[in-house]
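Those protein sequence lines, which keep their order, are chains A and B.
Residues in the first sequence are numbered consecutively from 24, following this note's numbering.
Residues in the second sequence are numbered consecutively from 24, following this note's numbering.
By construction, the Cβ of each residue, glycine as well, lies at the ideal position given by its N, Cα and C atoms.
Bear in mind that the values here come from a model prediction, so they are computed numbers and not experimental data.
Everything below concerns the one structure shown next.
2 protein chains.
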Amino acid sequence: MSPLKPDLHAILDLDRIVHEPARLAILTVLAAAESVEFLFLQRITGLSKGNLSSHTQKLEAAGFLETLKAFRGRIPVTSFQITEDGRAALHAYHKQLRALLPKEGQP
Amino acid sequence: MSPLKPDLHAILDLDRIVHEPARLAILTVLAAAESVEFLFLQRITGLSKGNLSSHTQKLEAAGFLETLKAFRGRIPVTSFQITEDGRAALHAYHKQLRALLPKEGQP
DNA sequence: TGAAACAAGTTTGTAATACAAACTAGTTTT
DNA sequence: AAAACTAGTTTGTATTACAAACTTGTTTCA
């Protein structure tokens with residue numbers, strides 16, 4: 024069988040929740056920290072508040088992160104934590120990408 | 024500066040034309056052959072005709088492939104060829120992905 | 001011969017999406 | 001107490017991915 028075919032299906036089967044750049048960026052940050060605050064996330068990603076809010080909601084609906092609402096003094100602070108499922112999904116996504124990326128300098 | 028930030032922008036700057044899985048699959052096939060016929064492409068990707076047609080149109084509009092219409096006997100046959108721009112975009116995309124993928128087995 | 005089935009794509013309609021503007025609810029400043 | 005600020009969410013919109021239905025032509029069959 025052609026060596027191309029499996030790669031093609033790997034491409035078409037990529038997890039779309041993770042594949043979206045904004046969400047991949049969010050998960051990447053969350054994977055590197057215990058927990059991350061909304062405003063910090065907004066600043067380093069450059070996403071608008073509305074857009075960030077909807078992506079985190081989508082990631083939460085997928086079970087890939089948890090939202091923690093707290094107060095600092097009297098100001099509300101929303102933080103996010105990646106879940107085990109989220110970490111697994113991110114690793115699986117990385118693995119899929121590695122599998123379909125040609126080696127550097129390959130035709 | 025945090026080592027995370029550049030990666031984040033690499034993620035958010037991914038070329039959306041190439042990033043879409045269906046189109047990435049198409050470009051991947053085209054990059055491996057002189058030219059590829061519509062129906063062959065449809066069969067190995069599993070995309071519907073309509074979907075394949077609109078993705079190839081989008082890739083053509085981006086200048087990433089060329090559409091060649093011919094006849095085999097009296098039956099029309101549409102073939103596609105990746106352009107230099109398309110190949111460059113695909114390679115750039117691969118490079119960006121490599122840059123942002125953590126090494127295997129890294130936290 | 002002409003009707004029905006088939007081939008190769010394209011156009012059209014639709015549901016889902018990404019995104020930012022506008023809004024909400026509360027707090028601090030003036 | 002009014003104005004300005006903070007932290008997010010909801011709403012509206014333009015784009016998109018996708019498949020169903022259509023178009024144009026060819027072959028088969030009655």
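Any chain B beta carbon closer than 8 Å to residue i
i: Pro99(A); result: no
i: Thr90(A); result: no
i: Ile34(A); result: yes
i: Ala45(A); result: yes
i: Ile30(A); result: The residue you asked about is not Ile; residue 30(A) is Asp in the sequence shown. Cβ-Cβ to chain B under 8 Å: yes for Asp30(A).
i: Leu37(A); result: yes
Unbroken alpha helix (DSSP H) run spanning residue i, endpoints
i: Phe61(B); result: 61 to 68
i: Ala115(A); result: 107 to 123
i: Leu37(A); result: It is not in any alpha helix (DSSP H) - Leu37(A) carries neither H nor E in the DSSP assignment.
i: Ala85(B); result: Unbroken run through Ala85(B): none, as it is neither H nor E.
Beta-carbon proximity of residue i to residue j, cut-off 8 Å
i: Leu36(B); j: Tyr116(B); result: A quick correction: the sequence has Asp, not Leu, at residue 36(B). No; because the gap between Cβ atoms is not below 8 Å, this pair is not in contact.
i: Thr90(A); j: Thr101(A); result: yes
i: Leu120(B); j: Leu31(A); result: no
i: Ile40(A); j: Ala48(B); result: no
i: Ala45(B); j: Leu70(B); result: yes
i: Thr68(A); j: Phe103(A); result: no
Cβ of residue i within 8 Å of any chain A Cβ
i: Ala48(B); result: yes
i: Glu127(B); result: yes
i: Met24(B); result: Note on Met24(B): pLDDT 46, under 50, position unreliable in the model; the coordinate value appears next. Chain A contact via Cβ: absent.
Residue span of the beta strand (DSSP E) that contains residue i, given as start and end
i: Leu46(B); result: In the sequence on display, residue 46(B) carries Arg and not Leu. Counting along the chain, Arg46(B) falls outside any beta strand (DSSP E), though it belongs to the alpha helix (DSSP H) covering 44 to 54.
i: Ala93(B); result: 88 to 95
* **the region 51 to 70 of chain A / the region 53 to 60 of chain B touching (three or more Cβ pairs under 8 Å)** => No, the region 51 to 70 of chain A does not touch the region 53 to 60 of chain B.
* Where the region 97 to 125 of chain B meets chain A: residues whose CB sits under 7 Å from a CB there -> When C-beta distances to chain A are compared with 7 Å, the residues of the region 97 to 125 of chain B below that value are His117, Leu120, Arg121, Leu124, Pro125, in chain order.
* Give a yes or no on contact between the region 79 to 88 of chain A and the region 107 to 114 of chain A, applying the rule of three or more CB pairs nearer than 8 Å. => Yes: at least three Cβ pairs fall under 8 Å.
* Taking Cβ-Cβ distances below 9 Å as the criterion, which residues of the region 67 to 83 of chain B are in contact with chain A? -> Interface annotation for the region 67 to 83 of chain B against chain A: Ile67, Thr68, Gly69, Leu70, criterion Cβ-Cβ distance under 9 Å.
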